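K.L.:
Mind looking over this structure? Questions follow.
Numbering (our numbering), first residue to last: 3 to 250.
So this is what it looks like as structure tokens:
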């Protein structure tokens with residue numbers, strides 16, 4: 003019998019620890035499928051962050067390295083420079099990449115490091131209990147903004163992809179979502195291209211993936227998908243922000 007679906011070889015058999023409805027599992031699978039399709043599992047080194055995906059090293063069946071909070075791009079830089087023949091990727095959330103790790107991602111991108119970054123944006127601190135993140139929306143309620151985020155007090159949501167898109171070292175940058183099948187298909191294509199950019203030695207590539215956090219948003223998984231579509235996408239518009247290959 004022909005197998006039409008199965009577990010990617012680049013994922014282990016370890017059950018995910020993520021909350022019900024969390025889309026980290028989808029993003030893990032897409033990344034693993036891309037690694038399998040490109041035939042690079044034995045040559046891939048992933049950098050796990052601190053955050054909800056801190057245990058990513060238990061799920062990806064490739065060499066993995068754990069980084070201190072926010073330092074994944076710096077660690078990836080060192081790994082890639084020591085092993086330029088390897089495929090190096092970071093998998094980071096918004097609390098990790100867009101807060102404590104802002105300097106690391108900015109400078110790695112600006113230097114044009116030949117690495118791939120998967121940036122998961124769910125607009126909140128997930129692992130630590132639902133505090134406001136740099137990417138939290140205006141009026142969005144969190145544990146540290148119970149009345150809703152105020153622009154006057156804390157500024158506007160930080161649009162990391164737009165910030166990085168102006169840097170000369172960035173080759174490819176796209177924002178995607180995983181709230182429905184159509185967008186999941188687009189997300190996989192973007193992740194695959196980000197790895198292909200690295201394989202071609204063309205420099206820094208990042209994919210921002212809009213994700214859900216039903217537990218800390220205080221919603222059911224279905225409500226969270228709808229909230230993402232109706233609230234996050236108007237602020238964080240999906241699409242290609244920079245693609246030197248296509249002249250964008």
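Cβ atoms here follow ideal geometry from the backbone N, Cα and C, with glycine treated the same way.
Quantities reported herein were computed from a predicted structural model and do not represent experimental measurements.
#1: May I have the straight-line CA-CA distance separating residue 136 from residue 152, to the nearest angstrom?
#2: Which residues mark the beginning and the end of the alpha helix (DSSP H) in which residue 245 is found?
#3: Using 8 Å as the cut-off, can you tell me whether the stretch 73-80 makes contact with the stretch 31-40, which would need three or more C-beta pairs spanning the two stretches below that distance?
#4: Measuring CB atoms only, is the stretch 98-105 touching the stretch 173-193, in the sense that at least three cross pairs come out at less than 8 Å?
#5: Considering only C-alpha positions, which residue in the set 212, 118, 59 is nearest to residue 234?
#6: Could you tell me which residues DSSP pairs with residue 147 in its beta bridges?
#7: Beta carbon of residue 121, beta carbon of residue 227: below 8 Å?
#8: Helix, strand or coil: how does DSSP classify residue 36 here?
#9: Quick one: Cα of residue 148 to Cα of residue 216, how far?
#10: Comparing the C-beta of residue 166 with each C-beta of chain C, is any distance below 8 Å?
#11: Could you check how far apart the C-beta atoms of residue 90 and residue 197 are, in whole angstroms? I think they sit under 8 Å.
#12: Which of the three DSSP states, helix, strand or coil, is assigned to residue 182?
#13: Considering only residues of the same chain and omitting the five flanking positions on each side of residue 21, which have a CB-CB separation below 7 Å?
P.N.:
Considering the structure as presented:
#1: For the purposes of this step, residue 136 is taken as residue 134 along the chain shown, with counting starting at 1. For the purposes of this step, residue 152 is taken as residue 150 along the chain shown, with counting starting at 1. Distance between the alpha carbons of residue 136 and residue 152 is about 12 Å.
#2: Position 243 of the chain shown, counting from 1, holds the residue named residue 245. Per DSSP, residue 245 belongs to no alpha helix (DSSP H); it is in the beta strand (DSSP E), 241-245.
#3: no
#4: The answer is no - the stretch 173-193 does not touch the stretch 98-105, with fewer than three Cβ pairs under 8 Å.
#5: Counted from its first residue, the chain shown places residue 234 at position 232. For the residues 212, 118, 59, the minimum Cα distance to residue 234 belongs to 212.
#6: Looking up residue 147 in the chain shown gives position 145. Looking at the DSSP assignment, residue 147 forms a beta bridge with 144.
#7: Indexing the chain shown from 1 puts residue 121 at position 119. Indexing the chain shown from 1 puts residue 227 at position 225. Taking 8 Å as the Cβ cut-off, residue 121 and residue 227 do not qualify as a contacting pair.
#8: In the chain shown, residue 36 corresponds to position 34, counting from 1. Residue 36: helix per DSSP, three-state reduction.
#9: Residue mapping note: residue 148 aligns to position 146 of the chain shown, counting from 1. Residue mapping note: residue 216 aligns to position 214 of the chain shown, counting from 1. Distance between the alpha carbons of residue 148 and residue 216 is about 17 Å.
#10: The structure shown has no chain C; it contains just one protein chain.
#11: As a first step, residue 90 must be located in the chain shown, where it is residue number 88. As a first step, residue 197 must be located in the chain shown, where it is residue number 195. That belief does not hold up - the Cβ atoms of residue 90 and residue 197 are roughly 10 Å apart, past 8 Å.
#12: As a first step, residue 182 is located in the chain shown; it is residue number 180 there, counting from the start. Residue state, collapsed to three classes: coil.
#13: Working through the chain shown from its first residue, we reach residue 21 at position 19. Answer for residue 21: 216, 217, listed in chain order.
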